[in-house]
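For reference, the structure is listed below as structure tokens.
In full-length UniProt numbering, the protein residues as written are 1 to 268.
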């Protein structure tokens, strides 16, 4: 009717029907859902970046949220739920349910140390069981809604049931795998971590002729990896690290006035 009236715009024709408000509502559902869903994902990304000290883990959580909602919308079709204003509101609201379970696993993974697999195991051992209990308790709590003969309540139950089920599946299975793929291992002490200082006692001897001038000194470095490089021919005098037994023996020999030879101070 509106299309026909638009052909005669000179006559200022106005059409109306009691179903027009509902028809207009359905026309705006799809763009409104896309807009709200995008804004919800961006909001969750901002919050997770602040709460989780790893941007990659926060991004993985947002990917899981998008996957969860896509799965929910797909299974709603098989469950006889159409896209209307009620289902759209529950879908947007359930973004909060989706982020809850995934964020816990991502945070535990970001705080763990070791290889990627060790960090995933730590996250699941620490928060896997609480996440499972939280999901099952939520599902158990909303099962009573099946007894309510109301369209809005039934849509809410079906949507929340699907969201919690998919959130638990993603949090305990898909998210750990995704974190292993995109986030590498994390060592407890970085090689060049500021403030780190390694010390060692070394035995210095240029050659057997200069054995009398052999001395002990304590070397410091801010990089533990340099310990493997010290003593190489390219760095001049050889700095070799003796065992504790050799240090005690050589010290006693020096005090007693004996000459230190390379044989008496074997190195490891």
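C-beta: ideal position from N, C-alpha, C; glycine also.
Check: What ranges does the alpha helix (DSSP H) occupy inside the segment 61-116, keeping only unbroken runs of at least 4 residues that lie completely in it?; Outcome: 85-93 and 95-111
Check: If the criterion is Cβ atoms closer than 7 Å, does the pair residue 52 and residue 116 meet it?; Outcome: no
Check: Determine which residues share a DSSP beta bridge with residue 186 and list them.; Outcome: 114
Check: What are the start and end residues of the alpha helix (DSSP H) that includes residue 52?; Outcome: Careful: residue 52 lies outside any alpha helix (DSSP H) and carries neither H nor E.
Check: Could you check which residue in 10, 11, 90 and 9 has the C-alpha nearest to that of residue 151?; Outcome: 90
Check: Please classify residue 3: does DSSP put it in a helix, a strand, or coil?; Outcome: helix
Check: Can you list, in chain order, the residues of its chain whose CB lies under 6 Å from that of residue 162, leaving out five sequence neighbours each side?; Outcome: 72 and 75
Check: When the Cα atoms are used, what is the spatial distance from residue 183 to residue 110?; Outcome: 9 Å
Check: Measure the alpha-carbon distance for residue 134 versus residue 128 and round it to whole angstroms.; Outcome: 10 Å
Check: Distance, Cα to Cα, residue 101 vs residue 168?; Outcome: 7 Å
Check: With DSSP run on the structure shown, which of helix, strand or coil describes residue 18?; Outcome: coil
Check: Taking the alpha helix (DSSP H) that residue 169 belongs to, which residues open and close that run?; Outcome: 151-169
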